[in-house]
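The structure appears right after this line, and notes come after that.
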Amino acid sequence: MELTPPPVRRLPLDPAPGRGDADGHRPGAPLDGARRRRAPSSGFATDRMQVEDVSIAYGRKLAVDRVSLPIRQGEVLALIGPSGCGKTTLLRSLNRLTELTSTASFKGSITLDGADITRLEPTALRRRVTMVFQQPNPFPMSVFDNIAYVLREQAARRPKRAALNRRVREVLAHAGLLDEVEHDLRHPALRLSGGQQQRLCIARALAADPEVLLLDEPCSALDPQSTQVIEDLIVKLREQVAVVIVTHNLQQAYRIADYVAFMYLGELVEYGSATQVFGAPREQRTREYVSGAFG
Amino acid sequence: MSAPATAPAPRSPEPTVRRDHASAAWRLRDRIGLGFAWLLGLLFCAITSAIVIYLLVQGIKYVRPELFVTHPAAGFSERETGGFLDPLVGTFLVGLMAMGIALPLGLAIGVWLSEFGRPFPLARMAESTIEMIAGTPSIVLALFGTLIFQSPALGFLSRSVGGLVFGRSFFAAATVLSFVALPLVVASVREGLQAIPGHVREASYAVGKTKATTTRRILLPAARPSVITGALLGFGRVIGDTAIIVILLGATLRFDGVGSTPVLSTLRGTGGTLTTYIFQNAPTGEGNQPAKAYAAAFVLLMLVLVLNVGADVVGRKGKALRWS
C-alpha cells in the first residue's frame, strides 16, 4: 500500500492509570486471562475522521444519540456495547451505508480529512472508507477477480488481468493471504475456508487503498484460530489505515484495540484508551458491562 | 477422546438413539397420517411413471429415424403421411424465438422487481400483471394475439391478401408464446437474486461500486444458474403449448412461407409444432395417424424431460457454492 500520510501529529500517550503488568493487564480486572495481542501503538496517530454530535434514527427510533469521537490512523478503535446499542449503525454511517436504509435519518457531521462526508460522492467516500462485514461474503468469482473487481473502475473489464496481476498479489500479501492462495488465484473464492474468506474480504477492502477500514464483527462467524490470524492482521494494519472495529467480544476488544468506545442505548457512554476503559472505567455502566454484568 | 485407564469397555448394551425420528413411538393417528402421506406420494410417482412408461413403450414402437427427416404429407395410410420434420423444426423455431423475447424481457423485469422495485405502485402492478398472465389459459392469450397481429399495421409480419391480414405466423405465435414463458423467467430471476444475501450487495457498495455495477458484475453472474433454469423451464412450457400454435401459427402440416426471402419467408408464414402434429394425428384428429402421434408424443416428452432435468441440474449446481 502506498499511502502518503498527511503530517503526523504526535498525540500524548495515554498514561494508562492503574496499569498492572507490562502487558497493560491489571490483576483482578474483568478480563483475566486475556492478553493484549501486541505492544501499545507507536503513539504516532493521525486524525482521519471526526464524528461530531451524530444522531441516527430509523423512522422514529433513535439508534445513535449525539455521539462524538475521533478516528485516527495508527490506532485501532473498538466500538463495544450490548446488542442494539447502535454501534453497527454508527459504523455504517461512517461510509454512508446507512443511507441504503430508506427510513434512516442522519443528524450531525462526520468529516474525513476535514471534508464533510455528506458532500462527497458516496462511491468516492466508500472507496476511502471501506468495510468488512460480519459474514464472510466474497463475491462468487475467483480469488483474483474478487480483488480485480475493486481495482477496476465501476463495471469496467479493463485493465486486463495480466496488468493487474502485480497489484492483486500485493493486496493479497497485505492481508496475509497470498501464501495460501498463490498456487491458484483462479480458485473460486467461496471454496476457501471461512477464515480465508474473511481475509479475502479484508484484502478486498484494502484493495481500494482506503484511509479508514471499518470492521463489523469480522470474527464472529469464525473459529478461534482464524480469529487469531485476523486479529494479528488488524493490529498490523493500523499503521497504514485507521481501523474501526465493532465487536461483541470484550476479550477481542481488549486484545486488539488502542481506544475503546462503549455505547449503550445509542449513547456513547465512555471513550478512552483500552487500558483505561477496561482497567479503570469512569462510568458505572461501563464498569458493569466490562465485568459482564449485562449485555 | 481418551478413556479412563481401564480395559476397553465392551459395547454398551444401552440402545443408541434411533435416527429415524422414532415414528414407532408416535400416536396411532399420526402413524396413519404418515402412512397415508407415503401412500399418496407413491401413488403420484406411480401415475407419473405409468404415463412416461406407457408413452415410452408406445412411442419407441413407432419412432423410426426417417420420421425425423421426412416432411409430413396428407394421406390416409402410414406410408403416405411421411414424418414430422417440419413440426420438429417448428417446435425449436417457435421455442427459440419465444425465448429470444421472454429471456431479455423477463431478466429486465425480474431485476427491476427484485433490485429496484420503484416506483412502488408500478412494481406492484407489474407483479400482479405477471401473476395474471401466468394464470391465463393460453387460448385466451392466443385470441388476444389475433387481435393484435391481424391489425393492418403489423401486416408485414404475416400473410395478407388485399388488405386483409391473416395474423398467423411464427412471429405472431412466438411473440404471444413469450408471454407464456415470461412468468417462469421472471420468477426464476427473482428467486435467484433474492437468494443472494443483502450483505453481499453491501460488500460491493462498500468498495464504492454503484448499484448498476453491483447488479451487472455481482448479482447477475451469481444468479446465472437461476436464469438458465428459468430459460429451460420456459422453453419447455413454450414447446408444450398447443392453443397458441393452432390459432396463431395455423397448425399446418408443412411450413407455408410468405414472400421469397429464404428465412424471413418461413417466419412470416404458417407452420406447426409437435403439439399440433399430435393433435391432428391423434385418433380423434383429422389426420388420424395414431402411430405417428405416439412417435411425435414420445419425442416431445423426451425433449421436455431433458429440459426439466437440465433445469434441475443447473439449479442444484448453482446452490452448491453459497455464502454461509
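Chains A and B, in that order, give the protein sequences.
With my numbering, letter number 40 in the first sequence gets 27, and the count goes up by one each step, no holes.
With my numbering, letter number 157 in the second sequence gets 150, and the count goes up by one each step, no holes.
Each residue gets a CB set at the ideal place from its N, CA and C atoms; glycine is no exception.
Item                                                                                                                          : Value
At least 3 beta-carbon pairs within less than 8 angstroms: the region 35 to 53 of chain B vs the region 271 to 291 of chain B : yes
6 angstroms Cβ shell around B/A244 - same chain, five flanking residues per side excluded                                     : I238, G265, T269
Coarse secondary structure for A/A102, derived from DSSP in three states                                                      : strand
Three-state class that DSSP yields for A/Q121 in the structure shown                                                          : coil
Spatial distance of A/Y276 from A/A162 (CA atoms)                                                                             : 32 angstroms
DSSP-derived helix/strand/coil call for A/D40                                                                                 : strand
Limits of the unbroken alpha helix (DSSP H) element including A/K48                                                           : No alpha helix (DSSP H) contains A/K48, which is instead part of the beta strand (DSSP E) from 48 to 60.
Cutoff 8 angstroms: B/K312 Cβ touching any chain A Cβ                                                                         : no
Local conformation of B/P112 per DSSP, three classes                                                                          : coil
Distance, A/L84 Cα to B/E108 Cα                                                                                               : 16 angstroms
A/M250 at chain B interface by Cβ criterion, 8 angstroms                                                                      : no
The region 126 to 139 of chain A: positions lying closer than 8 angstroms to chain B by Cβ                                    : F126, P127, M128, Y136, V137
Chain-ordered neighbours of A/L177 on chain B, where CB pairs are closer than 8 angstroms                                     : L314, R315, W316
Opening and closing residue of the alpha helix (DSSP H) in which B/S181 lies                                                  : 163 to 187
Residues near B/Q282 by beta carbon distance below 7 angstroms, same chain, minus five either side                            : E71, T74, N274
Closest residue to B/A135 among B/A119, B/R161, B/I123 (Cα-Cα distance)                                                       : B/R161
Cα-Cα separation, A/Q183 to A/A32                                                                                             : 29 angstroms
Near-chain B residues of the region 94 to 122 of chain A (beta-carbon distance less than 7 angstroms), N- to C-terminal order : T110, A111, R113, R114, T117, M118, F120, Q122
Contacts of B/P215 in chain A (Cβ-Cβ under 7 angstroms)                                                                       : This sequence places Ala at residue 215 of chain B; Pro is not what is there. Result: P127.
Cα-Cα separation between A/V230 and A/T214, rounded to whole angstroms                                                        : 16 angstroms
Local Cβ density within 10 Å of A/L77, reported as buried at 16 or more and exposed below that                                : buried
Alpha-carbon spacing of B/M92 relative to A/R178, whole angstroms                                                             : 33 angstroms
Rounded separation between A/P57 and A/L99 - CA only                                                                          : 10 angstroms
Residue span of the alpha helix (DSSP H) that contains A/E257, given as start and end                                         : Run containing A/E257: none in the alpha helix (DSSP H); it sits in the beta strand (DSSP E), 254 to 260.
8 angstroms Cβ cutoff met for B/F61 and B/G83                                                                                 : no
Supposed contact pair B/L242 and B/T159 - C-beta distance, whole angstroms, cut 8 angstroms                                   : Inspection of the sequence shows that residue 159 of chain B is occupied by Phe rather than by Thr. That belief does not hold up - the Cβ atoms of B/F159 and B/L242 are roughly 11 angstroms apart, past 8 angstroms.
Endpoints, beta strand (DSSP E) assigned at A/A208                                                                            : First-last for A/A208: undefined, no H or E at that position.
Min CB distance A/R191 to chain B below 8 angstroms                                                                           : yes
Outcome for A/E108 when other beta-carbon atoms lying within 10 angstroms are tallied against a minimum of 16                 : exposed
Backbone secondary structure at A/L(-10) - three-state DSSP                                                                   : Any reading at A/L(-10) must be qualified, since the residue scores a pLDDT of 48, below 50, and its modelled position is unreliable; the value itself is stated next. Here A/L(-10) sits in coil by DSSP.
Residue interval of the beta strand (DSSP E) (run including A/V233)                                                           : 229 to 233
Per DSSP, cross-strand counterpart(s) of A/D203                                                                               : A/V233
Neighbour flag for A/R272 against chain B, beta carbons, 8 angstroms                                                          : no
Nonlocal neighbours in the same chain, by C-beta distance under 7 angstroms from B/L150, ignoring five residues either side   : F142, S162, F164, A165, R261
Minimum Cβ-Cβ distance from B/G110 to chain A less than 8 angstroms                                                           : no
Interface residues of the region 185 to 204 of chain B facing chain A [CB-CB below 8 angstroms]                               : P190, H192, V193, E195, A196, S197, Y198, A199, V200, G201, K202, T203
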